[in-house]
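Residues 1 to 292 (full-length UniProt numbering) are what the sequence shown spells out, left to right.
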Amino acid sequence: MKLVFIPNLGKISRLATIAGATFLTATPLSAQTVADNSVPQTGLNVPEELTIFGKNDPNVRRATAIVNGDIITGTDVGHRLALIVAANGGKISEEERQRLRLQVLRNLIDETLQIQEAEANEITIAAEEVNATFNQVARQNFKQDIDAFDQYLRTQGSSTDTLKRQIRGELAWSRLLRRNIQPFINVGDDEVNAVIERLNASKGTTEYRIGEIYMSATPETAQQVAENMKKILEQIRGGGSFVAYARQFSEASTAVTGGDLGFVRPARLPQSLAAAVTQMQVGQVVGPIEVP
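Below, the structure is given as structure tokens:
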């Protein structure tokens, strides 16, 4: 399931661009099947006994969750939640805060598992990479220099550490997926030629700079995921930050950049998504839209 965002950047060369957001409800993307014995091992080391403590524990220094020995505290959850609240100008109801708190905890658990799995595969992310992405977030998403952004996070009840940890986890997991999955992707000549033909046919057409929030769903979880995304949609339509929600909730590799997909021609998108994007108005949010 997806949300897609299009920043207003005026015109680039001869290609018009518009701004907006497309709310997409998408089934997981299809992929070429391979033999079971050739599938790379990318599963997370999920603990047999994941311990999660009550959300009303008054001692924020106690563990809220323990994941394979790594502790997630109430402070960790609070700092991450503060990022979302700040991005929405504090305009989040107490009920929504409680729902987001539980979602943030789940995200932190997933993030911890991803970092652990990357470390088990000897993948390390240099501090320079994390800092570069952090600086980019400060400039592009919050329009602040590093010192001002650090102070801003503190005043909002968050910290630079929580954002850098998220960035490190996203970079590590993305690198692990590229290493373990890409070598097994086989694209036939017919598929390549079909893409080339579509791109040639779309030369000189409009490009849209879009972003996304992607949440995977199975037939069993589709209803719950759809409800979660509708709540996110309500927050964004109410003035919430698309970029902040993308960073916190998107499962796509673009989460690290706030969901930014860059400039895309409709011909490169699934038909249902392309149809929606070409009809969008500046600042509009549409969807859910199911894509293959």
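Even for Gly, the Cβ is constructed at its ideal location relative to N, Cα and C.
Note that the coordinates shown come from a computational prediction; the quantities given were computed from them, not determined experimentally.
Item: Span separating the alpha-carbon of residue 222 from that of residue 216; Value: 8 angstroms
Item: Helix, strand or coil at residue 209 according to DSSP, with G and I counted as helix; Value: strand
Item: Whether residue 97 touches residue 81 by CB criterion (9 angstroms); Value: yes
Item: Inter-residue spacing [alpha-carbon to alpha-carbon] between residue 131 and residue 139; Value: 12 angstroms
Item: Beta bridge counterpart(s) of residue 152 as assigned by DSSP; Value: In DSSP, residue 152 forms no bridge with anything.
Item: Buried versus exposed call for residue 277 [16 or more other C-beta atoms within 10 Å across all chains shown]; Value: buried
Item: Beta-carbon proximity check, residue 92 vs residue 235, cutoff 9 angstroms; Value: yes
Item: CB-CB length for residue 264 against residue 207, believed under 8 angstroms; Value: 7 angstroms
Item: heavy atom of the ligand COA below 8 angstroms from residue 76 C-beta; Value: This structure lacks the ligand COA; in fact it carries no ligand of any kind.
Item: Given 8 angstroms, three or more beta-carbon pairs between the segment 108-125 and the segment 66-73; Value: yes
Item: 9 angstroms Cβ cutoff met for residue 213 and residue 232; Value: yes
Item: For residue 248 and residue 103, the rounded distance between their alpha carbons; Value: 9 angstroms
Item: Residues near residue 38 in its chain [Cβ-Cβ closer than 6 angstroms; skip 5 each side]; Value: Low confidence applies to residue 38: its pLDDT is 40, below 50, so where it sits in the model is not reliable enough to give any reading.
Item: Whole-angstrom distance between residue 260 and residue 21, CA atom to CA atom; Value: In this predicted model, residue 21 has a pLDDT of only 35, less than 50, meaning its place in the structure is not dependable enough to derive any value.
Item: Helix, strand or coil at residue 145 according to DSSP, with G and I counted as helix; Value: coil
Item: CA nearest to the CA of residue 173, picked from 121, 274 and 193; Value: 121
Item: Cβ-Cβ distance between residue 162 and residue 83 below 9 angstroms; Value: yes
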